[in-house]
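Worksheet: one structure, shown below.
2 protein chains.
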Amino acid sequence: MSRPSVSAKDVADLAGVSRASVSRALTPGATISHETRARVVAAAEKLGYQVNRLASGLIRNETGIIALIASEIGTPYRAQLLGALTEKLQQAGKVTLLINTDRSDESVERALRQAISYRTDAAIFLSGMPAWSLAETCQKNGMRLVLINRDEARPGSVLVRLDDRAAGERAVALLLAAGCRRLALASSEAGTPSLIARESGFRDAVRAAGLDLVEERIGVTSYRTGLELGTRLMARSDRPDGVFCTTDLMACGLMDAARFRFGVEIPRALSVIGFDDIAQAGWESYALTSFGQPIDKIAGAATDWLQNPAETAAARITLSASLVWRNSVRQLHQPHNS
Amino acid sequence: MSRPSVSAKDVADLAGVSRASVSRALTPGATISHETRARVVAAAEKLGYQVNRLASGLIRNETGIIALIASEIGTPYRAQLLGALTEKLQQAGKVTLLINTDRSDESVERALRQAISYRTDAAIFLSGMPAWSLAETCQKNGMRLVLINRDEARPGSVLVRLDDRAAGERAVALLLAAGCRRLALASSEAGTPSLIARESGFRDAVRAAGLDLVEERIGVTSYRTGLELGTRLMARSDRPDGVFCTTDLMACGLMDAARFRFGVEIPRALSVIGFDDIAQAGWESYALTSFGQPIDKIAGAATDWLQNPAETAAARITLSASLVWRNSVRQLHQPHNS
DNA sequence: CTGAAAGCGCTTACAG
DNA sequence: CTGAAAGCGCTTACAG
Numbered sequence: 001m002s003r004p005s006v007s008a009k010d011v012a013d014l015a016g017v018s019r020a021s022v023s024r025a026l027t028p029g030a031t032i033s034h035e036t037r038a039r040v041v042a043a044a045e046k047l048g049y050q051v052n053r054l055a056s057g058l059i060r061n062e063t064g065i066i067a068l069i070a071s072e073i074g075t076p077y078r079a080q081l082l083g084a085l086t087e088k089l090q091q092a093g094k095v096t097l098l099i100n101t102d103r104s105d106e107s108v109e110r111a112l113r114q115a116i117s118y119r120t121d122a123a124i125f126l127s128g129m130p131a132w133s134l135a136e137t138c139q140k141n142g143m144r145l146v147l148i149n150r151d152e153a154r155p156g157s158v159l160v161r162l163d164d165r166a167a168g169e170r171a172v173a174l175l176l177a178a179g180c181r182r183l184a185l186a187s188s189e190a191g192t193p194s195l196i197a198r199e200s201g202f203r204d205a206v207r208a209a210g211l212d213l214v215e216e217r218i219g220v221t222s223y224r225t226g227l228e229l230g231t232r233l234m235a236r237s238d239r240p241d242g243v244f245c246t247t248d249l250m251a252c253g254l255m256d257a258a259r260f261r262f263g264v265e266i267p268r269a270l271s272v273i274g275f276d277d278i279a280q281a282g283w284e285s286y287a288l289t290s291f292g293q294p295i296d297k298i299a300g301a302a303t304d305w306l307q308n309p310a311e312t313a314a315a316r317i318t319l320s321a322s323l324v325w326r327n328s329v330r331q332l333h334q335p336h337n338s
Numbered sequence: 001m002s003r004p005s006v007s008a009k010d011v012a013d014l015a016g017v018s019r020a021s022v023s024r025a026l027t028p029g030a031t032i033s034h035e036t037r038a039r040v041v042a043a044a045e046k047l048g049y050q051v052n053r054l055a056s057g058l059i060r061n062e063t064g065i066i067a068l069i070a071s072e073i074g075t076p077y078r079a080q081l082l083g084a085l086t087e088k089l090q091q092a093g094k095v096t097l098l099i100n101t102d103r104s105d106e107s108v109e110r111a112l113r114q115a116i117s118y119r120t121d122a123a124i125f126l127s128g129m130p131a132w133s134l135a136e137t138c139q140k141n142g143m144r145l146v147l148i149n150r151d152e153a154r155p156g157s158v159l160v161r162l163d164d165r166a167a168g169e170r171a172v173a174l175l176l177a178a179g180c181r182r183l184a185l186a187s188s189e190a191g192t193p194s195l196i197a198r199e200s201g202f203r204d205a206v207r208a209a210g211l212d213l214v215e216e217r218i219g220v221t222s223y224r225t226g227l228e229l230g231t232r233l234m235a236r237s238d239r240p241d242g243v244f245c246t247t248d249l250m251a252c253g254l255m256d257a258a259r260f261r262f263g264v265e266i267p268r269a270l271s272v273i274g275f276d277d278i279a280q281a282g283w284e285s286y287a288l289t290s291f292g293q294p295i296d297k298i299a300g301a302a303t304d305w306l307q308n309p310a311e312t313a314a315a316r317i318t319l320s321a322s323l324v325w326r327n328s329v330r331q332l333h334q335p336h337n338s
């Protein structure tokens with residue numbers, strides 16, 4: 001049960017140099033002669049030598065490991081973000097430790113302990129928030145923290161957020177322009193910072209327009225919740241004609257409930273706007289007009305921030321969601337095609 | 001830029017014991033007195049000590065890290081499997097190193113080198129196949145290999161597969177029972193072992209039934225491909241009335257093309273069967289009858305195999321896909337409800 | 001049951 | 001530019 005594997009010693013012997021030289025030859029900035037480096041590289045190549053990152057991580061203050069802490073990995077938006085993040089991180093020469101926090105409440109804490117055990121250089125939170133005290137422990141251990149669509153940043157961490165509020169406001173404008181007069185807001189009870197911001201942006205803009213607002217909020221953020229949301233909303237005597245769903249997953253469910261359970265035509269009798277622009281929003285059965293998360297930019301921003309030493313002050317990066325216009329919102333005036 | 005972090009030495013000092021005792025106190029099977037262990041545990045707790053897995057991985061022949069090698073992480077089926085795998089692995093006390101192989105062709109090789117660098121205990125392949133030589137290198141480094149829905153196993157590795165062929169055959173029987181007579185097979189050009197097996201199972205059963213088979217195969221495995229597949233199939237003069245899509249993603253696209261571009265009613269005029277049972281198959285717009293991947297069982301089998309020392313011979317685990325009956329296949333006889 | 005010592009594979013001052 | 005030496009934080013025979 002032993003693990004052979006070739007070490008720097010083997011390479012040194014073959015190249016006829018010291019172990020120190022092997023290390024230098026393989027370290028980008030190190031001072032070493034061209035000739036020695038070439039000999040070492042050749043020997044390493046020949047033996048199939050791979051630096052043991054465990055050992056190097058023990059010495060240097062960088063392991064190259066970034067922890068990704070997320071729940072609901074199987075969900076469209078999360079999965080997409082995960083893909084983008086791992087890709088960018090790999091391009092930056094980092095490796096991803098994926099920690100799933102679906103189970104139990106103390107799992108964020110356990111995730112962080114794991115991350116510390118493996119001395120990850122940083123932790124990126126896609127879900128959940130670390131308790132204040134734990135976050136501090138992480139930072140004491142030299143970990144940097146990236147919080148995506150989370151609440152509060154703290155020194156040494158960065159917050160990557162979207163202008164969710166603005167999107168909520170814009171949704172109202174779009175719905176009004178579509179001629180809708182009975183607006184509704186459909187959301188889950190998840191209460192994450194992004195959902196709350198989308199909700200309040202929408203709510204405030206509706207009020208500002210002097211209209212009544214129907215609000216329905218239940219369960220977790222899912223297709224199934226959307227189905228129920230749609231059922232409740234469509235069953236009302238003052239059935240809404242325009243609804244903003246804080247998430248595409250819920251929007252899809254809501255659309256299905258409206259169409260199949262109530263025979264409501266979309267967008268003729270009901271306009272729907274979602275958020276996230278998940279792949280399914282683009283499927284012909286939905287053709288959902290939605291605010292797209294700039295996933296690549298989010299991943300890029302997180303990775304970039306981790307790359308450069310960065311200021312110690314808490315940073316906040318705000319990206320904007322861009323509307324993807326499809327066919328779930330009524331168009332009053334036919335576009336003038338030339 | 002140094003990383004403080006408390007070490008076993010600190011704990012030893014506080015508890016008034018040697019570093020060796022700290023190690024023993026924190027190792028499940030070690031011989032140590034109850035009293036000493038208690039003192040150590042208390043001290044560790046107090047200092048917030050976390051064993052440095054980098055250092056322990058250097059010594060023991062186990063790092064607790066499992067590499068997960070996958071492409072198209074954002075895709076429904078993959079994302080789901082990823083979620084299940086990380087969950088099971090974590091339950092088993094392992095940690096997941098996620099390696100994304102979407103970029104370039106040599107990325108599987110790079111992925112494996114990364115895995116070796118971090119001395120992962122094993123690598124689980126969800127996509128791609130390691131080159132023979134590289135796989136050998138991995139095994140020489142003591143890594144075990146799990147191949148999910150891949151081709152050939154080799155000693156020291158396990159292959160987890162589905163009875164794809166049987167599902168293909170069964171699809172024919174279902175379609176025939178639904179009264180379909182012009183059967184079609186719709187697939188992508190990905191040519192993975194699972195797709196090939198599903199295809200040949202279907203093809204052979206159609207032939208055995210003495211029917212003609214229309215076969216359409218293009219592009220990558222995606223919704224968009226399904227759209228094109230559906231367009232081609234529905235445009236034929238001998239339009240099929242029953243089709244088996246080797247993947248739900250393609251089935252959804254195919255259904256949309258049939259309905260929205262050709263006005264074909266499903267399941268009245270066209271019966272469709274998919275494979276994977278992704279979440280969207282259950283959405284009301286699709287209600288797709290599909291063969292479900294036993295995702296939890298797959299993840300469980302992989303994890304279990306990694307847990308017990310296992311035989312050195314190549315192992316093969318075959319799981320079966322179970323049909324999830326929905327509403328995309330015509331039912332000739334009304335079920336007799338009591 | 002416990003401690004002192006060796007060693008895992010690396011990197012990095014320190015001399016030369 | 002290079003090598004000998006120290007040390008990262010752990011585990012594990014080896015004595016006692």
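Residue numbers (UniProt numbering), protein chains in the order written: chain A, 1 to 338; chain B, 1 to 338.
Just so you know, even glycine gets a beta-carbon here, dropped at the ideal spot from N, CA and C.
For A25(A) and A38(A), the rounded distance between their alpha carbons: Between A38(A) and A25(A), the C-alpha separation is close to 8 Å.
With 16 other Cβ atoms within 10 Å as the buried cut-off, status of S338(A): Only weak support is given to the placement of S338(A): the predicted model assigns it a pLDDT of 42, under 50, and the question is left unresolved by the model.
Minimum Cβ-Cβ distance from E72(B) to chain A less than 9 Å: So, interface residue.
Where the region 99 to 121 of chain A meets chain B: residues whose CB sits under 8 Å from a CB there: I99, N100, D102, R103, R113, Q114, I116, S117, Y118, R119
Meets three-Cβ-pair contact criterion under 8 Å: the region 126 to 135 of chain B and the region 149 to 157 of chain B: yes
Spatial neighbours of S71(B) in its chain, beta-carbon cut-off 6 Å, leaving aside the 5 residues before and after: T101, D102, S127
CB contact flag (R165(A), A197(A), <9 Å): yes
Nearest candidate by alpha-carbon position, reference S222(A), set R154(A), R78(A), E169(A), D212(A): R78(A)
Where A302(A) sits in the DSSP three-state scheme: helix
Any chain A beta carbon closer than 9 Å to P267(B): no
Start and end residues, alpha helix (DSSP H) containing S23(B): 19 to 25
Where D276(A) sits in the DSSP three-state scheme: strand
Reference V17(B), options P28(B), S5(B), I32(B), V6(B), closest by Cα: I32(B)
With 16 other Cβ atoms within 10 Å as the buried cut-off, status of Q331(B): exposed
Amino acids of chain B, ordered along the chain, whose beta-carbon sits closer than 7 Å to that of R53(A): The answer, in chain order, is S117, Y118.
Contact set for I66(A): own chain, Cβ-Cβ below 8 Å, skip 5 residues either direction: Close CB contacts of I66(A) within its chain, under the 8 Å cut and outside five residues either way in sequence, are with L89, K94, V95, T96, L97, T120, D121, A122, A123, I124, L306 (chain order).
Neighbourhood of E216(A) by C-beta distance below 6 Å, restricted to the same chain and skipping five residues each side: Answer for E216(A): A186, L229, R232, L233, listed in chain order.
Cβ-based burial, T318(A) [other Cβ within 10 Å; buried from 16]: Under this definition T318(A) is an exposed residue.
Same chain, Cβ closer than 6 Å to V22(A), five either side skipped, listed in chain order: A8, V11, A12, V40
Neighbour list for C199(B) in chain A, Cβ cutoff strictly below 7 Å: According to the sequence shown, residue 199(B) is Glu rather than Cys. Counting only Cβ-Cβ distances below 7 Å, E199(B) has no contacts in chain A at all, with the closest Cβ about 24 Å away.
Start and end residues, beta strand (DSSP E) containing G168(A): No beta strand (DSSP E) holds G168(A); the alpha helix (DSSP H) holding it covers 164 to 177.
Among W132(B), M250(B), C245(B), H34(B), nearest to R224(B) - alpha-carbon criterion: M250(B)
C-beta atoms of G168(B) and S188(B) nearer than 9 Å: One thing to note: G168(B) has its Cβ no nearer than 9 Å to the Cβ of S188(B).
Reduced DSSP secondary structure (H/G/I, E/B, other) of G16(A): In the structure shown, the three-state DSSP call for G16(A) is coil.
A186(A) - DSSP class collapsed to helix/strand/coil: strand
Cross-chain neighbours of F260(B) in chain A, by beta carbon under 9 Å: E284, S285
Partners in chain A for D238(B), counting only beta-carbon separations shorter than 7 Å: Neighbours of D238(B) on chain A: none; closest Cβ ~25 Å, over 7 Å.
Beta carbon proximity, N252(B) to chain A, threshold 9 Å: Here residue 252(B) turns out to be Cys, not Asn, going by the sequence shown. In terms of beta-carbon proximity, C252(B) lines the interface with chain A, with at least one pair separated by less than 9 Å.
One or two residues paired with V158(B) in a DSSP bridge: Per DSSP, V146(B), A315(B).
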